[in-house]
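Working notes, structure below.
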Amino acid sequence: MRTGRHGVYYGSSTHQRVSKVPGSVESAGRTFDPNEVVLDDVTGATTVELQPTGGDDVVDQLNAAARSFTWGWLTLIVAVALGAATLPWGVIVWVAAVPLCWWVFLSDGARKKVIIFYEVDDASALWFARLVEQWAWLSDSQKMWRTVAAGAVSTPHQHKRNAGASALVERIAAAATDTGPPHLVTNVAVPSLIAGKMSLHFLPDRVLLREGKSYTDISYRFLDVHGATTRFIENPGSVPRDTEQIGETWQYVNKNGGPDRRFSNNRRLPVVQYGELTITSRHGLSWVIQVSRADAARAISGPVRSVPLSEVA
């Protein structure tokens, strides 16, 4: 190919100044009274719902590779059973089956891989090299999460019982790597985001979205990427080492934002600042990633947005 030149957590994005006064805090750590707040799914469209926009058959090839049947283990089981049933002559069957099984396993491996080699010119090569280099902002971060559900804290009672947070979010662990999906072989590093059974893979000419054995792609032309910071109320002892604590609040707050002294077990909770990377498309893609390093989201969003659109699919 050639390209040219779960647990429920609290959280909300905010750009207000944070102080030690808990009344100013609008995000929180683990939930204490979650059932009163309705959380809506924010994961966007699935791979089945998102139509490929790459303009070629790469997605079809990847889907075929991912769903191809594996004959190797079946062949091995049949050979072992046949040999056992025909002993002592079964030893001959086993010896003869060794090269056959080896060939079948190799054939399975070849059918389950799609090979793509990129030849990039100067503009695309420089852009993609910068993205790969900047990816360390994510991969070197101690913690990452994907937000999968969110809901507003809308009543005074909810606000008081949820550490003064303005929103609740449900998160799952995420990770950043520079290896591509298991069914792709390529000659370039592939910056990737992985969360649960879903993953995003940034190639020189497109973004691949994988969910289990299903693939689709999104052209960079339709991708919106934004980096920001967000305040978050964490659990005591859960603050990552590379995260800055910028304030504190209490598990239960009064109407003024101070500690509700009716609760003897009212804990102090750290308020931290995370990076927040939002990746969306007009077709329904929606990924919101929290990063323990506050500057990481902006460090990644800039290179992605600077893709030379005249050179991609």
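Residue numbers for the sequence shown follow my numbering, so the first one is 29 and each next one is one higher.
For every residue, glycine included, the Cβ atom is placed at its ideal position computed from N, Cα and C.
Are the CB atoms of residue j and residue i within a distance shorter than 8 Å?
i, j, result
"L251", "I307", "yes"
"A191", "V281", "yes"
"I143", "V213", "yes"
"L337", "Y248", "yes"
"R290", "W278", "no"
"V65", "V181", "yes"
"P209", "S227", "yes"
"T81", "D233", "no"
"G255", "R326", "yes"
"V216", "H229", "no"
"G118", "A112", "yes"
Taking the alpha helix (DSSP H) that residue i belongs to, which residues open and close that run?
i, result
"W315", "From DSSP, W315 is part of no alpha helix (DSSP H) but of the beta strand (DSSP E) over 314 to 319."
"Q89", "86 to 95"
"V332", "324 to 333"
Could you compute how far the alpha carbon of residue i sits from the alpha carbon of residue j?
i, j, result
"I222", "A107", "38 Å"
"R158", "D68", "36 Å"
"E239", "T75", "6 Å"
"S15", "A203", "Summary: the structure shown does not reach residue 15, with the chain confined to residues 29 through 341, and so no result is reported for it."
"A201", "A92", "29 Å"
"W315", "Q273", "25 Å"
"T258", "E304", "6 Å"
"R95", "K225", "15 Å"
"S292", "R199", "29 Å"
"T175", "E147", "36 Å"
"V53", "E276", "In this prediction, V53 has a pLDDT of 39, which is less than 50 and means its spatial position is unreliable; what the coordinates show is noted afterwards. Whole-angstrom Cα-Cα distance: 8 Å."
"R58", "R269", "Note on R58: pLDDT 43, under 50, position unreliable in the model; no value is reported."
"G285", "V267", "22 Å"
"R333", "V197", "26 Å"
"P116", "K140", "37 Å"
"K188", "K283", "7 Å"
"L7", "D88", "Coverage of the chain is limited to positions 29 through 341, which leaves residue 7 absent and any answer about it impossible."
"E77", "D149", "33 Å"
"A177", "Q162", "28 Å"
"V46", "T271", "Unreliable placement is indicated for V46, whose pLDDT of 32 sits below 50; the coordinate value is still reported in the next sentence. Taking the straight line from one Cα to the other gives about 15 Å."
Looking at the secondary structure, which residues open and close the beta strand (DSSP E) in which residue i lies?
i, result
"G303", "296 to 309"
At least 3 beta-carbon pairs within less than 8 Å: the region 116 to 134 vs the region 91 to 104 | These segments touch.
Curious, which full-length beta strand (DSSP E) runs of at least 3 residues does the region 201 to 279 contain?
-> Contiguous beta strand (DSSP E) elements confined to the region 201 to 279 occur at 212 to 214, 220 to 223, 226 to 230, 235 to 239, 242 to 246, 251 to 261, 272 to 278, taking only those with 3 or more residues.
Are the region 315 to 335 and the region 171 to 188 touching by the rule of at least three beta carbon pairs closer than 8 Å?
-> Contact between the region 315 to 335 and the region 171 to 188 is present, with at least three C-beta pairs closer than 8 Å.
Please confirm if the region 261 to 275 is in contact with the region 288 to 300, defined as three or more CB-CB distances below 8 Å between the two stretches.
-> Yes, the region 261 to 275 touches the region 288 to 300.
Quick one: complete alpha helix (DSSP H) runs, 4+ long, within the region 129 to 195?
-> Taken in chain order, the unbroken stretches of alpha helix (DSSP H) that lie wholly in the region 129 to 195 and span 4 residues or more are 150 to 162, 164 to 167, 184 to 189.
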